[in-house]
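Residue numbers (our numbering): 16 to 179.
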């Protein structure tokens, strides 16, 4: 948490018109005191201590936010309207995190041994798989057959054969 917040703050300080934009007016942490302290450390590290308020979310038995808490563990009750706003924020953050992790997982699942061979990019991998159909069939092919693929010379074909 501390590292992520620190990087985000640093980007905003160095380039306020960039991707992260200006510094936030408020930071809400989905967790409690541990996350608040990590964020406070990041603020301090970036010379922003006491300049941006930080609150954590106190959950009830059903994991719904029932109050906000500051670093001194003082709880602040929230109105129903603020409760709905925070719930929408949490839902959006969770949705974004889930989509990101799915994307990473899907990318990891579609990796092949060809991706580990230097000199083989997406185009050459696609051409190899188009011609042979699978990594197993590429392994069974001769160096000359591999070299017939568009973009693959004999030297690269030898390397592919050796690495597979």
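Virtual Cβ for every residue (Gly too), placed ideally from N, Cα, C.
Just so we're clear, the structure is a prediction, and the values are computed from it rather than from any experiment.
Separation of residue j from residue i, as counted between CA atoms
{"i": "residue 120", "j": "residue 168", "result": "33 Å"}
{"i": "residue 85", "j": "residue 74", "result": "14 Å"}
{"i": "residue 41", "j": "residue 147", "result": "56 Å"}
{"i": "residue 101", "j": "residue 80", "result": "8 Å"}
{"i": "residue 170", "j": "residue 161", "result": "10 Å"}
{"i": "residue 67", "j": "residue 51", "result": "12 Å"}
{"i": "residue 88", "j": "residue 46", "result": "13 Å"}
{"i": "residue 155", "j": "residue 179", "result": "10 Å"}
{"i": "residue 134", "j": "residue 115", "result": "28 Å"}
{"i": "residue 117", "j": "residue 111", "result": "10 Å"}
Where the alpha helix (DSSP H) containing residue i begins and where it ends
{"i": "residue 143", "result": "137-147"}
{"i": "residue 25", "result": "17-29"}
{"i": "residue 52", "result": "48-60"}
{"i": "residue 160", "result": "158-162"}
Supposed contact pair residue j and residue i - C-beta distance, whole angstroms, cut 8 Å
{"i": "residue 69", "j": "residue 48", "result": "No, residue 69 and residue 48 are not in contact; Cβ-Cβ is about 11 Å, not under 8 Å."}
{"i": "residue 138", "j": "residue 158", "result": "That belief does not hold up - the Cβ atoms of residue 138 and residue 158 are roughly 20 Å apart, past 8 Å."}
{"i": "residue 83", "j": "residue 72", "result": "6 Å"}
{"i": "residue 140", "j": "residue 129", "result": "5 Å"}
Beta-carbon spacing of residue i, residue j below 8 Å
{"i": "residue 56", "j": "residue 17", "result": "yes"}
{"i": "residue 43", "j": "residue 24", "result": "no"}
Beta-ladder partner(s) of residue i, from DSSP
{"i": "residue 150", "result": "DSSP, once it has assigned bridges, lists no residue as partnering residue 150."}
{"i": "residue 69", "result": "42"}
{"i": "residue 74", "result": "80"}
Host beta strand (DSSP E) of residue i (start-end)
{"i": "residue 82", "result": "80-84"}
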